[in-house]
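If you count by my numbering, then the sequence shown holds residues 1 to 462, one letter each, in order.
We put the beta carbon where it would ideally sit given N, CA and C, even for glycine.
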Amino acid sequence: MNTNEKQPKKEKKEEKPILKSTIVTEDALYEMVYDRILNKTSYIKIDRRGQMEFFVEEVKIGDSRYRPYPPTYNLIEKNVILFPSLTCPYENEEEILAEVQTFIHKYLDITEIYEQIATYYVLFSWMYDKFNEVPYLRTIGDFGSGKSRFLQAIGILCYKPIFTGGATTPSPIFRIVNEAKGTLIIDEADFKHSDMTSEIVKILNTGYQKGMAVLRSEGKGTFEVKAYDVFCPKIVATRETFSDKALESRFLVEEMGVGKLRSDIPRTLKDDFYKDAEMIRNKLLMWRMKNFFEPVVYREELIEGIHPRLNQIVIPLLSIIKKEETRERLKNFIIEYNGELTADRGLSWESDIVFAILKLEHELMGHEVTVKEIAKSVNDQIDDDGETLTARKVGWYLRKRLQLKPYRRNRGYVLSFKTNRQKLDFWKERYGITDADIRGEEVNDVNDVNVTENIIKQQELF
């Protein structure tokens, strides 16, 4: 054998394509669609010039190849994640909002104000990745109050809704949200394990802000810490409030089961529900693609007369709407909603002050607290750069609104817990503050869980 002869080079093994439902580059956006009739998935592409391309089966970026999830993917087959089937034209933004609201109204019995808020939230979910923070929707109610219908009727219209149903455990939720980056739909009634609440709180606390990954320790024998991105819109149904007060402030809440169900609400969901929802998702996909590369104007102005926490969480909803008249209408609904919260759920400066006093009593284990300490505690609970309370203003609220009696000491004005016990207990009950709220809820950053390699079986939702 001639050793000078060149040996044939071994061909480099081609890397497997990466499965993704959305691809964003500097110049283009690719969104996955799923045609259920043809049982086929593909990408729709739009570039910065507005040129669209359909039935894209593979995208090459550098040395990497990307493909959409195949129709045989378990989470697609079982309707755990829903995708548009194509893009549909629409006349204007107002038309889409009207169709979304009509759909929600047809299938869900909620207050008129919240119906409007949910409508704007659906639209926002299709552009959430342009923002650094997201608000959440939540319904509270007992079993049989309509919470599941709330999740279905609103969630099915949102951007890539991810329905966690049946015997869902924490592990796949972290993985699915990290991969799909859609809208997470969570029903507390489906939590089957005692540690589920803390796991969900972890996802909610971390997933409202871009860039805050959840760390999890995974593996068998040798554990490896992995980071999961759970930033996305979320729609949640619970029977009670969460202990974490800061988390509570990120929800737009509707109570279910407080009145008689409207007689025109369909008791069962038929094929029209799913067909109409898919048509609306197709229009919303077109809206996303036409507006994705447009600059977002962040509307951070204060809405006069509403609580700063509520003002903060509605900024993204206001920022996606271009028409001034539509934004003003949403502002009016938010002002009405704020009034309901103040009356029914205690979202007010007074409730914040009472909560701060009770929390400080628990933490300090003393007999009294300064008004200055109360003001600091209240301001620490406000997760934005908006309006805050001065110690002088807190003193005014204590005397004039809460009938609590601070008195002067060398270190300033102080409030005695014992002297004001009866009034404090009254306001605690009035604002629905529980002992669990006062103690708070501790959530670890790393959860040592053995994670299997296979996604657990998902219960078919529809």
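The beta strand (DSSP E) enclosing residue i, as first and last residue numbers
i, result
"M127", "Segment: none, M127 is in no beta strand (DSSP E) and carries neither H nor E."
"K60", "59-61"
"P161", "161-164"
"I306", "Per DSSP, I306 belongs to no beta strand (DSSP E) and is neither H nor E."
"I280", "That residue, I280, is in no beta strand (DSSP E); its alpha helix (DSSP H) goes 271-291."
"I321", "Per DSSP, I321 belongs to no beta strand (DSSP E) and is neither H nor E."
"V24", "22-24"
Buried versus exposed, by CB contacts within 10 Å (16 or more), residue i
i, result
"A98", "exposed"
"G207", "buried"
"T410", "Reading off the sequence, residue 410 comes out as Asn, not Thr. That one is exposed."
"Q312", "buried"
"D271", "exposed"
"P135", "buried"
"A167", "Residue placement at A167 is flagged as unreliable, the pLDDT there being 49, under the threshold of 50; the coordinate-derived value follows with that caveat. Classification of A167: exposed, given that the 10 Å Cβ count is below 16."
"A436", "exposed"
"L261", "exposed"
"K234", "buried"
"R309", "buried"
"T25", "exposed"
"V369", "buried"
"E180", "The sequence shown places Ala at residue 180, not Glu. That one is buried."
"I18", "exposed"
"G211", "exposed"
"Y120", "buried"
"Y397", "buried"
"Y298", "exposed"
"V177", "buried"
"N74", "exposed"
"E429", "exposed"
"T241", "buried"
"H362", "exposed"
"H307", "buried"
"V258", "exposed"
Residue interval of the alpha helix (DSSP H) (run including residue i)
i, result
"T111", "Neither: T111 is in no alpha helix (DSSP H) and is coded neither H nor E."
"V225", "Premise fails: V225 lies in the beta strand (DSSP E), 224-228, not in any alpha helix (DSSP H)."
"I176", "170-180"
"I438", "435-439"
"T326", "324-340"
Residue i CB to nearest heavy atom of the ligand FAD below 7 Å
i, result
"T111", "Of the ligands one can find in the structure shown there are none, so the ligand FAD has no counterpart to examine."
Which residues DSSP lists as bridging residue i, in chain order
i, result
"Y136", "K234, F251"
"G412", "R409"
"D187", "A237"
"Q312", "In DSSP, Q312 forms no bridge with anything."
"I81", "I162"
"T119", "In DSSP, T119 forms no bridge with anything."
"L157", "Its beta-bridge partners do not exist; DSSP assigns none."
"V297", "None; V297 has no bridge partner."
"Q209", "E133"
"T102", "Bridge partners of T102: none, in fact."
"L86", "According to DSSP, which records beta bridges pairwise, L86 is partnered with nothing at all."
"L19", "R67"
is_contact[residue i, chain B] using C-beta, thresh 8 Å
i, result
"I203", "The structure shown contains no chain B; it holds only a single protein chain."
**Study point:** Whole runs of the alpha helix (DSSP H) within the stretch 27-78, excluding any shorter than 4 residues
**Key:** 74-77
**Study point:** Minimum length 3: unbroken beta strand (DSSP E) runs contained in the stretch 348-412
**Key:** 368-370, 407-409
Check your understanding: Is the stretch 63-73 touching the stretch 100-118 in the sense that three or more CB pairs, one from each, lie closer than 8 Å?
Key -> No: fewer than three Cβ pairs fall under 8 Å.
Practice item. Count the CB pairs spanning the stretch 416-428 and the stretch 346-357 that are closer than 8 Å, and state whether there are at least three. Key: yes
Check your understanding: Between the stretch 102-109 and the stretch 285-302, are three or more C-beta pairs nearer than 8 Å?
Key -> no
Check your understanding: Counting pairs of Cβ atoms below 8 Å between the stretch 116-133 and the stretch 316-329, do you hit three or more?
Key -> yes
Review point. So, do the stretch 130-145 and the stretch 252-261 have three or more beta carbon pairs nearer to each other than 8 Å?
Key: yes
Review point. If we count Cβ pairs, one from each stretch, closer than 8 Å, do we get three or more for the stretch 46-59 versus the stretch 26-38?
Key: yes
Review point. Are the stretch 145-159 and the stretch 325-342 touching by the rule of at least three beta carbon pairs closer than 8 Å?
Key: no
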